[in-house]
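*Asks:* One structure is given below, represented as structure tokens, and several questions about it will come after.
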Amino acid sequence: MTAQTLDRTLSSFRIGDPAGTYPIFDATGSTIAPGRWNTPGSPIIYTSEHYSTALLEKLVHGSGRLPPNQHY
Numbered sequence: 002m003t004a005q006t007l008d009r010t011l012s013s014f015r016i017g018d019p020a021g022t023y024p025i026f027d028a029t030g031s032t033i034a035p036g037r038w039n040t041p042g043s044p045i046i047y048t049s050e051h052y053s054t055a056l057l058e059k060l061v062h063g064s065g066r067l068p069p070n071q072h073y
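Just add 1 to wherever you are in the sequence shown, counting from 1, and you've got this note's numbering.
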């Protein structure tokens, strides 16, 4: 894979607890189990293009409940 230079700035959202159980910049889970876009052992941090889809992802995986102290 080759790095690319983009002609615009990209923004992304991820909801988590920076100082707690769900850190925002932690790729530990992706190194344990494969995901849609990575293989086991390949660290990746999933983000969303919009706050609403980041929130939806949290709600889906949390059975409709947000964990405490969530930030984006």
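Cβ atoms here follow ideal geometry from the backbone N, Cα and C, with glycine treated the same way.
For G17, name the three-state secondary structure that DSSP assigns.
*Replies:* Position 16 of the sequence shown, counted from the start, is the residue given in the question as residue 17. Residue state, collapsed to three classes: strand.
*Asks:* Quick check on S53: does DSSP put it in helix, strand or coil?
*Replies:* On the sequence shown, residue 53 is found 52 positions in, with the first residue counted as 1. If DSSP states are grouped into helix, strand and coil, S53 belongs with the helices.
*Asks:* Take Q71 and list the residues in its own chain whose beta-carbon comes closer than 8 Å to its own, dropping the five residues that flank it on each side.
*Replies:* Taking the first residue of the sequence shown as position 1, residue 71 is located at position 70. Contacts found: I16, G17, D18, Y23, K59.
*Asks:* Report the three-state DSSP secondary structure of L67 (helix, strand or coil).
*Replies:* Within the sequence shown, the letter at position 66 stands for residue 67. Here L67 sits in coil by DSSP.
*Asks:* Assuming T32 contacts G42 (C-beta within less than 8 Å), just tell me the rounded distance between them.
*Replies:* Numbered from 1 along the sequence shown, position 31 holds the residue referred to as residue 32. Numbered from 1 along the sequence shown, position 41 holds the residue referred to as residue 42. T32 to G42, Cβ: 6 Å. Contact.
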